[in-house]
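This is the structure in structure tokens:
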């Protein structure tokens with residue numbers, strides 16, 4: 359075992375949250391070390407292919423997804439420098455003011471410990487850092503904020519055709535706000551519209567950590583150690599301060615890295631697992647878990663959609679993976695009867711052959727080949743994500759199975775309630791009206807069960823250690839130099855893709871650590 363020299367800040371994870379915090383703290387003069395479990399990806403490593411797409415998704419410790427409606431893990435998580443950011447779809451709408459106050463406004467869910475207005479400046483700063491394209495004037499539902507720095511993404515024929523269906527049934531649409539360059543921005547080129555965003559962007563047009571925050575961090579002497587598996591957060595005897603972390607390197611040799619401040623910035627599941635696996639005499643149920651909130655209130659975005667077959671040539675492989683157009687025209691949470699919550703429609707997503715292969719169900723050989731050959735020219739579709747309210751029984755917990763270092767693996771437990779089921783039925787009904795309005799020759803979709811995108815919660819922010827894990831700056835209530843970052847800290851989710859808000863809350867955390875450094879790191 360080797361004990362490494364103490365640093366100012368130890369960050370667990372080189373994904374979206376970890377890279378932003380490292381960039382900001384190292385630029386402020388702090389000595390930062392990042393421990394990343396995956397490889398040291400660089401932009402030149404990224405390859406536009408379905409096979410490569412799988413390589414950059416989760417390849418870490420097994421997660422056992424259980425419950426009557428489990429949330430998929432590997433496709434929602436990342437592996438290596440950039441984390442899920444290098445294969446994310448770059449959909450960057452802001453959460454709405456009412457998303458932060460669901461309990462106060464509707465008596466449902468829980469309020470965040472701050473408001474949209476408290477986060478607005480952080481949204482604006484990140485927007486300028488990363489670059490977002492869009493048309494704020496057409497987003498009648500958009501919360502207050504600075505105009506986008508770039509014009510909107512181009513909408514190809516397959517996007518326009520689906521948009522016409524929404525407009526015909528009276529649903530307003532607007533260009534999707536995307537963290538994708540439509541023009542050169544801060545030395546990064548504009549998009550090529552080749553539709554491979556989900557496999558990573560080798561030219562840097564996608565606003566991922568490899569293009570934006572990790573270069574700033576490394577320029578300011580942040581050290582990234584790759585293939586390092588963190589197994590436990592270390593604390594002092596009293597249990598009120600984190601002192602560092604235990605980890606195993608690529609040779610499976612054990613190390614201790616000491617630090618004045620520790621930031622856990624992996625994905626939501628692994629963050630909760632690490633806290634639970636770091637139990638001590640002072641924290642017998644896991645770190646920062648006095649109120650039994652660690653792992654609780656785990657949730658995702660309910661998802662469904664439709665695909666249509668059209669006679670005309672659509673060239674649906676052009677565009678961007680995240681879609682060119684979206685709608686939050688019916689975002690009001692209490693206007694859908696039993697289907698409480700908000701939802702977002704996305705359309706115009708570029709698709710490759712793999713994206714149509716399963717539309718007709720089980721097909722093989724020549725039949726499958728012929729179908730894919732035709733479908734890649736004639737299929738267009740749209741999808742939705744809908745809000746799920748947090749419930750304590752949906753959770754992340756430790757499994758009986760252990761990893762190679764002897765630490766319990768994570769198990770997730772997730773089920774739908776009546777509100778989720780009502781929302782699923784509502785979206786199917788609206789979506790069916792839309793696909794019919796497009797004039798599609800035939801269509802697929804709806805189904806008997808939803809998909810789930812993203813995973814959030816498990817280490818949520820709140821006002822006390824009895825109802826949450828960390829405070830409004832994502833510093834744990836019980837350990838005052840231990841911070842958390844990422845979607846695990848979200849108390850609720852709204853119906854927006856979490857990436858923009860994840861960045862804004864991470865910036866809020868970084869600024870808080872810098873401003874209060876002498877007290878936090880003492």
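In my numbering, the protein residues as written are 359 to 880.
Backbone N, C-alpha and C fix where the C-beta goes; we use that ideal spot for every residue, glycine too.
Open item on the list: In the DSSP output, what is residue 615 paired with across the bridge?
Closed with: 362 and 603
TODO: Return helix, strand or coil for residue 824, following the three-state DSSP convention.
DONE: coil
Task: Endpoints, the beta strand (DSSP E) within which residue 664 is located - done: 657-667
Open item on the list: Can you tell me whether residue 873 is buried or exposed? The criterion is at least 16 other CB atoms within 10 Å of its CB, across all chains shown.
Closed with: exposed
TODO: Report buried or exposed for residue 596, applying the criterion of at least 16 other Cβ atoms within 10 angstroms of its Cβ.
DONE: exposed
TODO: Could you check if residue 769 is buried or exposed, using at least 16 other CB atoms within 10 Å of its CB as the buried criterion?
DONE: buried
TODO: Tell me, please, which residues DSSP counts as bridged to residue 685.
DONE: 703
Task: Residue burial classification, residue 480 (beta-carbon count within 10 angstroms, cutoff 16) - done: buried
- [ ] Given a cut-off of 9 Å, decide if residue 792 and residue 425 are closer than it, judged by their beta-carbon atoms.
- [x] no
Task: When 421, 747 and 850 are compared against residue 625, the one with the closest alpha-carbon - done: 421
TODO: Leaving out five residues on either side along the sequence, give the residues of the same chain with a beta carbon under 8 Å from the beta carbon of residue 690.
DONE: 700
Task: Cα-Cα separation between residue 696 and residue 776, rounded to whole angstroms - done: 8 Å
Task: Three-pair Cβ contact test at 8 Å for the segment 531-543 versus the segment 495-510 - done: yes
Open item on the list: Less than 9 Å between the beta carbons of residue 706 and residue 520, yes or no?
Closed with: yes
Open item on the list: Run through the DSSP bridge pairs and tell me what residue 676 is partnered with.
Closed with: Partner(s): none; residue 676 has no beta bridge.
- [ ] Go ahead and pull the three-state DSSP assignment for residue 864.
- [x] helix
Task: residue 785, enclosing alpha helix (DSSP H) - first and last residue - done: 776-795
Open item on the list: I'd like the span of the alpha helix (DSSP H) that includes residue 515, first residue to last.
Closed with: 515-526
- [ ] Let me know the secondary structure DSSP gives residue 871 once reduced to three states.
- [x] helix
- [ ] Express the C-alpha separation of residue 861 and residue 579 in angstroms, rounding to a whole number.
- [x] 21 Å
- [ ] Could you pull out every residue in the same chain whose Cβ sits closer than 6 Å to the Cβ of residue 845, ignoring the five residues on either side in sequence?
- [x] 626, 814, 856 and 860
Task: Closest residue to residue 756 among 496, 373 and 419 (Cα-Cα distance) - done: 419
Open item on the list: If contacts are defined as beta-carbon pairs under 8 Å, then residue 513 and residue 683 qualify, I think. What distance do you get, rounded to the angstrom?
Closed with: 6 Å
Open item on the list: So, with DSSP's three-state summary, where would you put residue 563?
Closed with: coil
Task: Contact under 9 Å by Cβ, residue 368 with residue 652 - done: no
Task: Residue burial classification, residue 395 (beta-carbon count within 10 angstroms, cutoff 16) - done: buried
TODO: Tell me whether residue 402 sits in a helix, a strand or coil according to DSSP, three-state version.
DONE: helix
Open item on the list: In this structure, how does DSSP classify residue 356 when only helix, strand and coil are distinguished?
Closed with: Look at the range of the chain in this structure, 359 to 880, and you will see that residue 356 is not part of it.
Open item on the list: Which of the three DSSP states is assigned to residue 735 in this structure?
Closed with: helix
Task: Per-residue burial, residue 778 [other beta carbons within 10 Å of its own, 16 or more giving buried] - done: buried
- [ ] Give the secondary structure of residue 504 by DSSP, where H, G and I count as helix, E and B as strand, and everything else as coil.
- [x] coil
Open item on the list: For residue 491, list the residues DSSP reports as bridge partners.
Closed with: 508 and 536
TODO: List the DSSP bridge partners of residue 807.
DONE: The partner list for residue 807 (beta bridge, DSSP) is empty, contrary to what the question assumes.
Task: For residue 598, the nearest candidate out of 604, 645 and 606 (CA to CA) - done: 645
Task: Nearest-angstrom Cα separation, counted from residue 461 out to residue 440 - done: 34 Å
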